[in-house]
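As structure tokens, the structure follows; a few thoughts come after it.
Residue numbers (this note's numbering), protein chains in the order written: chain X, 484 to 716; chain P, 338 to 507; chain C, 4 to 78.
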């Protein structure tokens with residue numbers, strides 16, 4: 484952080500004026516204790532839930548502490564020309580690529596007969612429905628100030644607005660589920676699943692994807708340096 | 338009371354790497370990839386089911402392996418657990434650093450933006466088989482092209498969203 | 004040297020950053036901008052962007068989940 488003498492002077496003055504923060508640690512201990520009790524309950528009743536509980540809490544902490552925001556990772560390059568979040572997401576994608584690749588490799592080594600729906604991972608048909616869904620999601624996340632995980636994080640931070648976003652999410656998802664037959668008949672059922680390893684093999688796919696993500700990462704650094712500011716102002 | 342200074346936030350790249358690792362852990366431990374927004378559908382479906390409608394009969398739940406796992410209900414499943422846990426995790430994190438603050442809704446415009454944004458996102462996820470996690474963060478590492486297409490067109494959507502933001506919400 | 008204040012309390016992402024952008028545009032070199040915000044992302048994304056533009060910036064925590072960001076326009 485590059486500060487200046489004027490700023491330091493203001494800071495010094497303000498420091499005297501602002502009251503000490505109220506310590507919320509005691510509430511933390513109560514909440515942590517309750518979370519632990521819930522964890523204990525799960526351990527005895529449903530180990531999957533126990534794992535999910537811990538992992539979810541970890542995700543919440545990590546995303547909150549690092550101010551991680553997928554919505555901003557897409558919005559900021561467009562709006563203010565910064566790609567730091569976008570690059571952080573790319574890092575996550577690159578690491579996941581390796582891990583998912585290993586897991587799928589293990590799957591193929593152990594299984595004889597399988598259909599494409601059996602392969603572990605999110606593998607679904609791609610088509611116009613994907614495009615429409617993505618555009619709707621992109622618009623929604625920018626005007627709502629966050630995506631799915633961002634909304635959950637912000638509810639935890641005390642934002643009442645994100646609670647409304649959640650209500651919207653529930654309404655939208657339910658409407659979408661109810662109208663799914665329309666979309667399936669129109670686009671989805673006639674769209675292909677394009678699973679890359681089917682065309683070039685698993686190992687080449689892993690390598691190629693890492694290279695592509697790496698190139699995008701490098702381009703994102705260049706773009707950030709170029710400093711593209713939206714002309715809307 | 339002692340002065341409670343917050344520690345600085347973690348750098349973005351730390352979050353990115355850790356989330357990537359968690360993405361892998363979820364796949365290895367549960368055999369299923371990380372996803373989020375299906376939980377929101379479940380909540381809606383669960384409420385409608387309470388009204389007496391046979392939601393499991395919906396077309397959606399009878400295709401693409403979308404049915405609830407054995408023994409699970411719309412309110413009792415691992416996706417509901419994970420979204421509650423994420424909220425709790427964030428809550429614990431802010432409480433620990435004494436950063437929790439109730440932030441009310443500032444204006445009618447903000448309320449509408451939140452509601453409409455949420456509905457758009459929710460609806461969109463059913464078409465693309467997921468959100469920023471299920472159709473992007475887990476889909477691309479699964480080597481399915483739909484993840485890439487989703488990512489690219491999320492940019493398009495974000496661009497349109499920015500235009501709307503500047504025009505109506507700034 | 005003018006001192007401007009921006010109240011960004013209860014604003015959602017990315018409004019604080021956008022307001023800062025706009026205000027900085029209208030300021031003269033040496034002017035100070037003080038932003039009150041309760042948005043946790045602001046202390047990262049505003050700081051990052053302002054530093055990138057070459058201005059001076061620092062912040063203070065002024066309450067539970069509340070910050071004041073100080074910017075001096077440098078060029």
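For each residue, glycine too, the CB sits at the ideal point set by N, CA and C.
| Asked | Found |
| --- | --- |
| CB contact below 7 angstroms: residue 43(C) versus chain X | yes |
| Contact test: residue 485(P) Cβ vs the ligand COA heavy atom, cutoff 6 angstroms | Looking at this structure, you won't find the ligand COA or any other ligand, since it has none at all. |
| Boundaries (first-last residue) of the beta strand (DSSP E) holding residue 621(X) | Premise fails: residue 621(X) lies in the alpha helix (DSSP H), 611-627, not in any beta strand (DSSP E). |
| Which residues DSSP lists as bridging residue 10(C), in chain order | 39(C) |
| Rounded straight-line distance, which links the Cα of residue 644(X) to that of residue 73(C) | 27 angstroms |
| Per-residue burial, residue 673(X) [other beta carbons within 10 Å of its own, 16 or more giving buried] | exposed |
| Three-state secondary structure (DSSP) of residue 709(X) | helix |
| C-beta neighbour in chain P for residue 566(X), strict 7 angstroms | no |
| Test: residue 15(C) CB closer than 7 angstroms to a CB of chain X | yes |
| Through-space distance from residue 423(P) to residue 398(P), alpha-carbon basis | 25 angstroms |
| Interface flag, residue 57(C) vs chain P, CB-CB below 7 angstroms | no |
| Contact list for residue 8(C) against chain P, beta-carbon separation under 9 angstroms | Residues of chain P passing the Cβ test: none, with the nearest at roughly 17 angstroms. |
| Run of the beta strand (DSSP E) containing residue 635(X), from where it starts to where it stops | Taken as a continuous stretch (DSSP letters only), residue 635(X) belongs to no beta strand (DSSP E), being part of the alpha helix (DSSP H) at 631-640. |
| Chain-ordered neighbours of residue 710(X) on chain C, where CB pairs are closer than 9 angstroms | 55 and 56 |
| Neighbour flag for residue 432(P) against chain C, beta carbons, 7 angstroms | no |
| Where the alpha helix (DSSP H) through residue 653(X) begins and ends | 643-661 |
| Of the residues 31(C), 16(C), 51(C) and 11(C), the one placed nearest residue 451(P), counting alpha carbons only | 16(C) |
| Outcome for residue 71(C) when other beta-carbon atoms lying within 10 angstroms are tallied against a minimum of 16 | buried |
| Beta-carbon gap between residue 406(P) and residue 605(X) smaller than 7 angstroms | no |
| CA-to-CA distance, residue 698(X) to residue 383(P), given in whole angstroms | 44 angstroms |
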